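Colleague:
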Amino acid sequence: MSDRSQLISTGKPFQYDRERDAEFERLVKRYPTRESMILPSLWLIQEQEGWISQEAIAYVADRIGTFASMVYEAVTFYTMYQLHPMGRNHLCVCRTLSCWLRGKQEIIDYLKNEIGITPGQISEDGRFSLEEVECLGHCGTAPVVQVNGEFHEDMNVDKLKALLATLK
Amino acid sequence: MADTIKLFVNGVEVEVEAGKNLIDAIGAVGIEIPHLCYHPALGADGNCRMCLVGIEDGRPPLVPACKTPAQAGMKVLLDAAHIKKIQRDVMELELINHPTDCPICDQAGECKLQDYYMSYGRPESRMTVPQVQKSKKLDFGCGVVHDQERCVTCGRCVRFCRQITKTGELGIINRTDDARVNIFPGRPLNNRYALNVVDLCPVGAMTSKDFRFKQRVWFLKKAPGICHGCAKGCNITIEHNREKYQDDIIYRFRPRLNPQVNGYFMCDAGRLSYRQENEGRLLEARLSSQIRPLSDVLAACNQEIERAGKIVVLLSPNCSLEQMVAVKTLSAKLGASLSGFSDGYVKAGDGDGYLIQDDKSANRAGLTLLGIDCTQETFEEAVREAQLLINFNNDLTRSYTDSELKKLLKDTKVIAVATHNDRLTAMADIAIPVATSSEYAGCLINCDNILQAFALAVSKNQQPLDIGAIAAKLGSPLQSRAEQFAELRKYISILKDFEADTLPAEGLKLNDSEAANVTA
Chain A
1 MSDRSQLIST
11 GKPFQYDRER
21 DAEFERLVKR
31 YPTRESMILP
41 SLWLIQEQEG
51 WISQEAIAYV
61 ADRIGTFASM
71 VYEAVTFYTM
81 YQLHPMGRNH
91 LCVCRTLSCW
101 LRGKQEIIDY
111 LKNEIGITPG
121 QISEDGRFSL
131 EEVECLGHCG
141 TAPVVQVNGE
151 FHEDMNVDKL
161 KALLATLK
Chain B
1001 MADTIKLFVN
1011 GVEVEVEAGK
1021 NLIDAIGAVG
1031 IEIPHLCYHP
1041 ALGADGNCRM
1051 CLVGIEDGRP
1061 PLVPACKTPA
1071 QAGMKVLLDA
1081 AHIKKIQRDV
1091 MELELINHPT
1101 DCPICDQAGE
1111 CKLQDYYMSY
1121 GRPESRMTVP
1131 QVQKSKKLDF
1141 GCGVVHDQER
1151 CVTCGRCVRF
1161 CRQITKTGEL
1171 GIINRTDDAR
1181 VNIFPGRPLN
1191 NRYALNVVDL
1201 CPVGAMTSKD
1211 FRFKQRVWFL
1221 KKAPGICHGC
1231 AKGCNITIEH
1241 NREKYQDDII
1251 YRFRPRLNPQ
1261 VNGYFMCDAG
1271 RLSYRQENEG
1281 RLLEARLSSQ
1291 IRPLSDVLAA
1301 CNQEIERAGK
1311 IVVLLSPNCS
1321 LEQMVAVKTL
1331 SAKLGASLSG
1341 FSDGYVKAGD
1351 GDGYLIQDDK
1361 SANRAGLTLL
1371 GIDCTQETFE
1381 EAVREAQLLI
1391 NFNNDLTRSY
1401 TDSELKKLLK
1411 DTKVIAVATH
1421 NDRLTAMADI
1431 AIPVATSSEY
1441 AGCLINCDNI
1451 LQAFALAVSK
1461 NQQPLDIGAI
1471 AAKLGSPLQS
1481 RAEQFAELRK
1491 YISILKDFEA
1501 DTLPAEGLKL
1511 NDSEAANVTA
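Residue numbers (the numbering used here), protein chains in the order written: chain A, 1 to 168; chain B, 1001 to 1520.
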């Protein structure tokens, strides 16, 4: 684990766009307490901005009506929430047992040689960012790569090459 | 006494109070179950695992004592090898990333981690990897300074802010060995009870900016007292020390448990009111701004009293009951009019329904019970007719501006019997220093009609007399605390069962008939 407590401030107030605003109001009815909205509303921020800023956390806390410290706890606990800007295409390569055994390292090595990024880095042109993640739950079709939330199974270097070409 | 049950601890039968968890129930009879995260006011959290005990009834091998209610016949196992191993292992875990900077840590001497390390295993560190580095002095606001490295992430401070003050400024950020307590950026501690987290912290992670590096805690002498900051009368421990060749100084107030008054906590303003005991004190008797021996000044007072036609005696609502009766009898003997006017002590709207009260005086209920008039009209009318005002430590600057005060007292001589050097003592013709609340013993009645006694806590190199003694020197027939207490019994019938120093520690709840038992 690493320290995720350093939040980045954009210096600008955050607000949901109209679509997320409506989604928030739709979801909030689902739960018996408003605190339950902490994780879904953080997902909405990440969907909208690609990452979660200090202002966005404060916005969500105030909108839910909970303590900012509580949202801060959740956002730093779960590594799936990005606390700094990512590349336009965020690649998550699973590194848990099945994917490891079925060649996730070849994928990582390819990305390192081809795009020049290692896990945790963003490519210079901002097109890609790479992260190694724990089990994505698709062990039967390992190795798996998640691109902007979409799953790509039974990956190998050739398929990855073709996939990357489609990403802007 | 509440219902009791019998259970077994390490095979020995003990009788404990029913309806409590194992830590509290067994702890009350003197058997310690070590714990870091549990606190009676904050409930069981079960995160520190230090209180794991065995229960020999077929349940899982180990259960957290904080979450286990004591039940009759329960067989609690504390000293088995596997439980000692758990305690030792938890200690080793807590100390992996602990900086062990006890020599420079304010908590040293009252640190749970230190105490438990000595009592439960003394594990040697087996770590070869570097320790996790965190922030060493975060200013959390409200005078709280946090050292993340010392923290054992028990979450007491976090739960205090969420459950008690409901302000929720603190959170535990990150996870695993990177977990740490922090505030959300730009939203620091902002509540009037924040310094309680310093007491709650079982280790030296939360320190008070006011107290840190001032004193090693083992030098502090601890005396029970009552906070005089407002009408609540929170029970406190007065922690003071006389350094070599110095005077006795109070270093801090800390809350002392009294379930029927303040529970475990106190407000920050009350906690920091210890400074007033040390600072700005009136130390010498003065006659027309000249420092003179107390005997000369008292003689001058008696001359003034003889010379004056009409006298007004003013009492502070912070005086003890004993002082009030002493002054009341003095006033009756002098034929003076007695007032307790102190509207300036009330800050309307400041109370919060928890501990902080609007009334910033400790014993207004005492004035009422003794039938002392407190209205502004009566006081002002009496002052206008009088040639002499004897003020027993009533801070009139709270009720009047300087110009109003000058106007009110333009034809009246003033004898100020005062603890502090303030604008009124500067204005007074005669000033007599007296003891503050930590320097005498007495009784108070709080806002809930609970009569509480406190003992003398601090003895100064030059101990000032208390108001009761000054009243006696000015002619009050009540010459000692015992006589004052005997006089008090006329007003509070329940006191016939007690002596001044045998009043119950938790206070006496006066019922309505006693509180209203006022001689006309």
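We put the beta carbon where it would ideally sit given N, CA and C, even for glycine. Quick caveat, the model's predicted, so the values are computed rather than measured.
(1) Can you name the residues of chain A whose CB is closer than 8 Å to the CB of P1185(B)?
(2) Quick one: what does DSSP say A1520(B) is sitting in, helix, strand or coil?
(3) According to DSSP, is I1026(B) part of a helix, a strand, or is it coil?
(4) I'd like to know whether the C-beta of F14(A) is nearer than 8 Å to at least one C-beta of chain B.
(5) Among the candidates R1059(B), S1476(B), E1110(B), G1344(B), whose CA atom is the shortest distance from the CA of D1358(B)?
(6) Please identify, using Cβ separations under 7 Å, the residues of the region 77 to 90 of chain A that lie next to chain B, in order along the chain.
(7) How would you list, in chain order, the residues of chain A whose beta-carbon sits under 7 Å from the beta-carbon of E1169(B)?
(8) Output the boundary residues of the beta strand (DSSP E) element that contains C1443(B).
(9) Bridge partners of N1235(B), per DSSP?
(10) Can you tell me the Cα-Cα spacing of V1518(B) and G1353(B), whole angstroms?
(11) In or out: P1034(B) buried (at least 16 other Cβ within 10 Å) or exposed?
(12) Give, in chain order, every unbroken run of the beta strand (DSSP E) that is at least 3 residues long and sits entirely within the region 1140 to 1207 of chain B.
(13) Say whether chain B places a C-beta atom closer than 8 Å to the C-beta of D3(A).
(14) Report yes or no: do the region 1193 to 1202 of chain B and the region 1159 to 1177 of chain B share at least 3 C-beta pairs separated by less than 8 Å?
(15) According to DSSP, simplified to helix, strand and coil, what is Q1246(B)?
(16) Leaving out the 5 sequence neighbours to the left and right, which residues in its chain are closer than 6 Å to Y59(A) when beta-carbon positions are compared?
(17) What did DSSP end up calling P119(A) once you bin it into helix, strand or coil?
(18) For a cutoff of 8 Å on Cβ pairs, would you count I1173(B) as touching chain A?
(19) How is F1379(B) classed by DSSP in three states: helix, strand or coil?
(20) From which residue to which residue does the alpha helix (DSSP H) around N1302(B) run?
(21) Using a Cβ-Cβ cutoff of less than 8 Å, which residues in the same chain neighbour F1008(B) once the five nearest sequence positions on both sides are dropped?
(22) Skipping 5 residues on each side, what residues in its chain have a beta carbon closer than 6 Å to that of C1151(B)?
(23) Closer than 8 Å by C-beta to K159(A): which residues in its own chain qualify, once you throw out the five before and the five after it? Chain order, please.
(24) Cβ atoms of I1238(B) and S1438(B): under 8 Å apart, would you say?
(25) Cβ closer than 7 Å: which chain B residues qualify as neighbours of Y72(A)?
(26) Select from V93(A), V157(A), A74(A), L83(A) the residue whose C-alpha is nearest the C-alpha of E114(A).
(27) Give the DSSP bridge partners of C94(A), in chain order.
Modeller: By the coordinates alone:
(1) L7, S9, Q54
(2) Annotation note: pLDDT 37 at A1520(B) (below 50); position unreliable, coordinate value reported separately. Of the three classes helix, strand and coil, the one that applies to A1520(B) here is coil, per DSSP.
(3) helix
(4) no
(5) That would be G1344(B), whose Cα lies nearest to the Cα of D1358(B).
(6) F77
(7) S69
(8) 1442 to 1445
(9) I1226(B)
(10) Only weak support is given to the placement of V1518(B): the predicted model assigns it a pLDDT of 49, under 50, and the question is left unresolved by the model.
(11) buried
(12) 1144 to 1146, 1170 to 1173, 1180 to 1183
(13) yes
(14) yes
(15) coil
(16) F14
(17) coil
(18) yes
(19) In the structure shown, F1379(B) sits in a helix (DSSP, three-state: H, G or I).
(20) For N1302(B), the enclosing alpha helix (DSSP H) stretches over residues 1294 to 1307.
(21) V1014, G1073, M1074, K1075, V1076
(22) Excluding residues within five positions, the ones whose Cβ falls inside 6 Å are V1181, A1205.
(23) H152
(24) yes
(25) G1171, I1173, F1184
(26) Nearest to E114(A) by alpha-carbon distance, out of V93(A), V157(A), A74(A), L83(A), is V157(A).
(27) V133(A)
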